[in-house]
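Engineer: First the structure, then my questions, so here it is.
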Amino acid sequence: DPMDLKDCPLGLPVVGSLDHARSLPRYTALVNNEGVSMEELDGLQLELELLLSSVLVRQMAFNNQLSIIYQLEKGKYVPKPAVSPGKKMKREEGDRPSKKMKDSSGKSREVLSSPGPPPGVKPSKVKCSVQKYEPVFDVPDLGPPEQPKPPPPKNDITNRFWAYVEQYCQEITVEDIKMLEDMINSPSEDSDYFKTPPLGRHYTLRWAQEDLQDEQKEGMKLAEGKKKGIKGDPSNSDLSDKLLKEVDMNGCSDDVAPLGPLTQRLIAGLVEENVLVSDIENKGVDGLGHTRPGMIKSLGLGSASSLEKRIKKELQEQGVMETDYGNEDDEDEILSELRRCQSELRAVSAHNVTQLTRLLNLARESLVRHDLKKRLRDADQKVVEAYRTIAAARQKKKTPSKKDKDIAWKALKDREVIVRQLDLASNNNC
Amino acid sequence: MRGSESSPSFRRDQVLRLDPLPPISVTPYPLSTSTEMAMAMSSEAQALQDRVKVLSDLVRELQKARDDNIPHMNSINALSDKIVNEEKLTVSNRTKLKMMYEKAVGDAEKEVALVKKALATVYQIRNIRHELRIQAKNSGNKETIRRGALMKMLLNCAQTLPLWIGNTGEKPPPLCGAVPPEQNYVAKVNDMVACLVRGSEGEDNWILAEVVSYNTTTNKYEVDDIDEEQKERHTLSRRRVYPLPLMRANPEVNPEALYPKGSIVMALYPQTTCFYKAVINRLPTLTTEEYEVLFEDPTYADGFSPPLMVAQRYVIQIKEVSKKK
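Residue numbers (UniProt numbering), protein chains in the order written: chain A, 1 to 430; chain B, 1 to 325.
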């Protein structure tokens, strides 16, 4: 029963004879009895080889088709070979010997294929598959041939270099300018840094309170193990506050707690020094408060720092001491450090702003130049086109038309204008 | 008469080449006029003419056979067209086709035999001329070959290297194209080889040379640098000598005897007599074509030279010689 053509594994090749008249001149001359010169002998050899090759190819094609027909006659199923117009070399697995030729020259050579290989069939003896080729290479002196990954790996150091340099050389964009402006206008959040925070509680007092709280917590932890139901923190912290207040009171009343230096000098000046001589064995240098406890408190002078302030003010008003326009808090080391840092911050901020502004101006200018350059490129393009038109016209031995000339002149003049502008802009920066 | 266009659903094999083929140009073998004249006047000149006559006759016989075969090929094409138009293959058509194919194979074999004879005659003529040339040189015509002439000689030699033609199914032998030589192969006197020699500055180079002799006791070759200006005769161990192929492989029939694309080889750098490491970029598709290779060259950005053409004769397997202590 007839086989459908689409299932037919035959290639039904179109065959023909090489047209020697068109392709083999020396051979043709010989056929026409024109003889051959000795110089043409080599060329004749090559022509004969080509002729031979074409006949062999034809012969191979016939043999392939015949082998398929023989199989069909035996009733074997022959799959339709996948014929691809041979640009790629197919690698077959196993024992399918296939004659595939790589068409790398771009000519229209198509592929011959012979399918399935019963060992008895002639074509299978031609072990053409490229894979089988490899072992043939196994000469003892050499290993199997190296196969690098095609294409050979490109040296991309140049690409990396340009990518790196790009950061420095690329054009300024509008976004960059906006960023700079933002940076200049933003430092309002620094204002926090410039405030002098009010003096907090003195650290001794704070630490004392914290220590007390810690001890209470520990005590609670131990106590919790024994009895539950102790009230929560708030009451305990109240307790600690009360304890601390007592301590404070003691501290205040005890003149060992700091009296400002001015106060001390004043008192030392006013009170006689006799006290020291008689009391030194017994009291040491504990200070005045020891001999007369409660005296200072009874004077109602208030805390040491406020006393210090009042004395200073009084002395200044009396003209005894020069008015110190400096902030009386200067003696505080921390505050002075704070002020120092703040002035430093101010200086650095100002510097930053100056630099950013300078950068911003440069960026704006370069943006202008960038635009000019772009326009220059366009102008160049126009000039080149005009040139081409004129050159083409000239080539055809025609004089270029007035219109073309005008276009060319205009293009040139425009370009000059832009170049001058660009020069001006560049000079301003230098 | 060619076959008609294939029906869109059925794809037909293409066997015919591009028509016309690219023109063949051969670098002529450089002979000085004096040598030519000496050859023309030699007593052997008559033998040449005889051979040319034989060749002429063979070619005409060949062409007659080819002309006779054309009607048969046309009927094959006609039957194929019919089958394509009917869109089915009947058993009777298949049998007809089979008989036609079988006859065509026989016709082709006849053509092949005649072409081979013609080619053989061409080789005979060439051999006679070769003898004449040597005679002319020995009879006082001693000229050293200038570099330009040397290069032309090398090109001509590569182009006219005999093509290997096997019978159906025969495998290409050693030293045909890329097929390596046998293990114990020894190059013959006057064969061309590539050999690794140490230069004056201690660098090793693979150069083109001609075999002078082989010493079986020491297992060493004596070779002459092909560049006569060097006038150097080297004595080298077998490891440092690699024979060049003796025959070209036919890309249409024996593509397995070609170096595959992407493989690393040693190739003769054009216009020089030295071999360098290269990578195969394109294979020849016709017997007359050359390999396209990329030479390893650190002076280029990507490490390789632009593609250069090298004939089959001057492409050999890469050989790393282990250095003896």
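Yeah, the Cβ is synthetic: ideal placement off N, Cα and C, and Gly gets one too.
Report the neighbours of residue 191 (chain B) on chain A: residues whose CB is nearer than 9 Å to its CB, in chain order.
Structural biologist: Per Cβ cutoff of 9 Å: no residues; residue 191 (chain B) is ~17 Å from chain A at best.
Engineer: With contact counted as at least three CB pairs below 8 Å, one residue from each stretch, are the region 278 to 285 of chain B and the region 203 to 212 of chain B in contact?
Structural biologist: no
Engineer: Closer than 8 Å, Cβ to any Cβ of chain B: which residues of the region 380 to 399 of chain A, in chain order?
Structural biologist: none
Engineer: Looking at the unbroken beta strand (DSSP E) that takes in residue 224 (chain B), where does it start and where does it end?
Structural biologist: 220 to 225
Engineer: Would residue 61 (chain A) pass as an interface residue toward chain B - the criterion being a Cβ-Cβ separation below 7 Å?
Structural biologist: yes
Engineer: For residue 45 (chain B), does the count of other Cβ atoms within 10 angstroms reach 16, so buried, or fall short, so exposed?
Structural biologist: exposed
Engineer: How big is the Cα-Cα spacing for residue 183 (chain B) and residue 132 (chain B)?
Structural biologist: 35 Å
Engineer: So is residue 134 (chain B) buried or exposed if we call it buried at 16+ other beta carbons inside 10 Å?
Structural biologist: exposed
Engineer: Using only alpha-carbon positions, find the residue among A:185, A:411, A:338 that is nearest to residue 350 (chain A).
Structural biologist: Selected option, being the one with the closest Cα: A:185.
Engineer: Give the DSSP bridge partners of residue 234 (chain B), in chain order.
Structural biologist: Secondary-structure assignment with DSSP links residue 234 (chain B) through a beta bridge to B:223.
Engineer: Would you be able to state if there are at least three C-beta pairs under 8 Å between the region 223 to 238 of chain B and the region 251 to 269 of chain B?
Structural biologist: no
Engineer: Using a C-beta to C-beta distance shorter than 7 Å, which residues of chain B count as neighbours of residue 54 (chain A)?
Structural biologist: Ordered by position in chain B, the residues that pass the 7 Å Cβ test against residue 54 (chain A) are 17.
Engineer: Can you tell which of B:295, B:290, B:316, B:198 has its C-alpha closest to the C-alpha of residue 155 (chain B)?
Structural biologist: B:290
Engineer: Mind pulling the chain B residues with CB within less than 9 Å of residue 33 (chain A)?
Structural biologist: 56, 60
Engineer: Buried or exposed for residue 256 (chain B), going by 16 or more other Cβ atoms inside 10 Å?
Structural biologist: buried
Engineer: Quick check on residue 383 (chain B): buried or exposed, where buried means 16 or more other Cβ atoms within 10 Å of its Cβ?
Structural biologist: Because chain B is modelled from 1 through 325, residue 383 (chain B) falls outside the range shown and cannot be assessed.
Engineer: Pick out whichever of A:38, A:8, A:318 has its Cα sitting closest to the Cα of residue 49 (chain B).
Structural biologist: A:38
Engineer: Report the neighbours of residue 76 (chain B) on chain A: residues whose CB is nearer than 7 Å to its CB, in chain order.
Structural biologist: Near residue 76 (chain B) (Cβ distances below 7 Å), the residues of chain A are 15.
Engineer: Measure from the C-beta of residue 269 (chain B) to each C-beta in chain A and report whether the shortest distance is under 7 Å.
Structural biologist: No, its Cβ sits nowhere closer than 7 Å to a Cβ of chain A.
Engineer: Between which two residues does the beta strand (DSSP E) carrying residue 208 (chain B) extend?
Structural biologist: 204 to 215 is the extent of the beta strand (DSSP E) around residue 208 (chain B).
Engineer: Which class does residue 5 (chain A) belong to by DSSP, given the choice of helix, strand or coil?
Structural biologist: Reduced to three states, the DSSP call for residue 5 (chain A) is helix.
Engineer: So with Cβ pairs under 7 Å, would you call residue 49 (chain A) a contact of chain B?
Structural biologist: Answer yes: the Cβ-Cβ gap between residue 49 (chain A) and chain B drops below 7 Å somewhere.
Engineer: Are there 16 or more other CB atoms within 10 angstroms of the CB of residue 248 (chain B), so buried, or fewer, so exposed?
Structural biologist: Classification of residue 248 (chain B): buried, given that the 10 Å Cβ count is 16 or more.
Engineer: For residue 213 (chain B), count neighbouring C-beta atoms within 10 Å of its own C-beta (all shown protein chains included) and say buried if the count is 16 or more, exposed if not.
Structural biologist: Exposed: under 16 other Cβ atoms inside 10 Å.
Engineer: Look up residue 195 (chain B) in the DSSP assignment and give the residues it is bridged to.
Structural biologist: B:207, B:241
Engineer: Please list the terminal residues of the continuous beta strand (DSSP E) segment that includes residue 304 (chain B).
Structural biologist: Element bounds for residue 304 (chain B): n/a, residue is neither H nor E.
Engineer: If you draw a straight line from the alpha carbon of residue 12 (chain B) to that of residue 7 (chain A), how long is it in whole angstroms?
Structural biologist: If you draw a straight line from the Cα of residue 12 (chain B) to the Cα of residue 7 (chain A), it comes to about 13 Å.
Engineer: What does DSSP give as the partner residues of residue 14 (chain A) in its beta bridges?
Structural biologist: Looking at the DSSP output, residue 14 (chain A) shares a beta bridge with B:14.
Engineer: Measuring straight from C-alpha to C-alpha, what distance separates residue 148 (chain B) and residue 272 (chain B)?
Structural biologist: In this structure, the alpha-carbon of residue 148 (chain B) lies about 10 Å from that of residue 272 (chain B).
Engineer: Between residue 65 (chain A) and residue 276 (chain B), is the Cβ-Cβ spacing less than 7 Å?
Structural biologist: no
Engineer: From the beta carbon of residue 24 (chain B), is the nearest beta carbon of chain A less than 7 Å away?
Structural biologist: yes
Engineer: When you compare the CB of residue 222 (chain B) with every CB in chain A, is at least one pair closer than 7 Å?
Structural biologist: No - not a single Cβ of chain A is within 7 Å of the one on residue 222 (chain B).
Engineer: Whole angstroms is fine: what's the gap from residue 67 (chain A)'s alpha carbon to residue 91 (chain B)'s?
Structural biologist: 16 Å
Engineer: Whose C-beta lies closer than 6 Å to the C-beta of residue 24 (chain A) among residues of the same chain, with five residues either side of it excluded?
Structural biologist: 47
Engineer: Could you tell me whether the region 405 to 417 of chain A touches the region 12 to 22 of chain B, where touching means 3 or more Cβ pairs closer than 8 Å?
Structural biologist: no
Engineer: If you compare alpha carbons, which of B:16, B:110, B:244, B:301 is closest to residue 180 (chain B)?
Structural biologist: Sorting B:16, B:110, B:244, B:301 by C-alpha distance to the C-alpha of residue 180 (chain B) places B:244 at the top.
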